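Read in full-length UniProt numbering, the sequence shown has 176 at position 176, and its numbers run on one by one without any break. Beta carbons are placed, not taken as given, at the ideal position from N, Cα and C, and that holds for glycine. Quantities reported herein were computed from a predicted structural model and do not represent experimental measurements.
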Amino acid sequence: MRLVVLDSLWHTYGYPMKVASTQDRQFSVRLIGFRDFFKNSGQVSFFNKTWGSWKVAAAASSAAMVFAVAILLLSLLAVSNPLKVYPQTITPTPTPEQTVKVNYYLPYPGVLPDSPLYRIKAVRDRVVLWLTRGEERKAEKELLYADKRINAAIALTEGGKVAEGVSTATKAEKYLQSAVNRTVKASSQGKDVKSLLLKLNDACAKHAEVLTELAEKTDGTQRTVLEGTLSETKALGEKSAQALRESK
């Protein structure tokens, strides 16, 4: 065994192989070959693993560094001028004009002016109004007649009877005008008519709304009449609002 070891050492350092026998030298060569093979294989495997791990780590570190620098730059740009970093173009979309409906109830009109019985109804209304006592109660009755007639004007216009609808609307506003004048006068005399003034104020707004809609559906002379009536109704609304502010 010593001879084999010495022989391998001499062989390694270039000395001639004289001590060991031929069989021992062959065994020694095989032993050294296997040792070098496993040694080199372990070194290559460790080198590859180590180099591969370093490459992955370096790539991950580089990606993380680039991402961090990008986030930092974007943050600085956002603070200095956010519009350049996050441009937003807001394009307004045209929407149809929406008008808020006045929350005021219009009573059922009953018999319409195009009925043969309407004349009887009109006479009855005048008699009832004449028999009503008290300015406040008369104003309430006139407001009721005005609301019924403006609602009748809507029904007539929608039914294709525009001329009769316009005529009925103007008569409705005459009743409304009388109701406002009575109530404002009573308020100036010190009577407590706040609730009625509030109701008249809402009624004027509702009547103005209806007159505007009717005017849009007509043309020519009829539209001119409705627009003039609308101006008077708006003035009545201002008058009732003023009286309401001045009331105690």
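Hey, how far is the Cα of residue i from the Cα of residue j?
i, j, result
"Leu129", "Lys217", "33 Å"
"residue 266", "Asn103", "Absent from the structure is residue 266, since the part of the chain shown begins at 1 and ends at 248."
"Ala215", "Ser115", "24 Å"
"Thr221", "Lys206", "23 Å"
"Arg182", "Glu173", "14 Å"
"Leu197", "Thr212", "23 Å"
"Leu73", "Lys101", "53 Å"
"Lys141", "Gly110", "16 Å"
"Val127", "Lys121", "10 Å"
"Gly228", "Lys199", "23 Å"
"Leu117", "Lys234", "32 Å"
"Ala163", "Glu238", "28 Å"
Just confirm the distance between the C-beta atoms of residue i and residue j, as a whole number of angstroms; I'd bet it's less than 8 Å.
i, j, result
"Ala203", "Asp147", "7 Å"
"Thr157", "Pro113", "So it is not a contact: roughly 12 Å between Cβ atoms."
"Leu230", "Ala208", "6 Å"
"residue 255", "Ser178", "Residue 255 falls outside the range modelled here, since the chain spans only 1 to 248, and no answer is possible."
Starting from residue i, trace the alpha helix (DSSP H) both ways and give me its first and last residue.
i, result
"Thr212", "Lys194 to Glu216"
"Thr221", "Gly220 to Glu246"
"Leu143", "Glu135 to Glu158"
"Asn181", "Val162 to Ser188"
"Leu129", "Tyr118 to Leu131"
Sorted by chain position, which residues of the same chain lie with C-beta nearer than 7 Å to residue i's C-beta, five sequence neighbours on each side aside?
i, result
"Val225", "Val166 and Thr170"
"Ala60", "none"
"Tyr145", "Asp125 and Tyr175"
"Ala155", "Pro109 and Leu112"
Suppose the cutoff is 6 Å on Cβ atoms and the five residues either side in sequence are ignored; what does the same chain contact list for residue i look like?
i, result
"Ala241", "Asn201"
"Gly151", "The sequence given here has Asn at residue 151, not Gly. So the list reads Leu106 and Pro109, once near-sequence residues are dropped."
Looking only at its chain, what residues have a beta carbon closer than 8 Å to the beta carbon of residue i, apart from the 5 residues adjacent to it on each side?
i, result
"Lys185", "Glu135"
"Thr132", "Lys138 and Lys141"
Report task. Take every Cβ of the segment 132 to 146, pair it with every Cβ of the segment 175 to 191, and state whether three or more of those distances are shorter than 8 Å. Result -> yes
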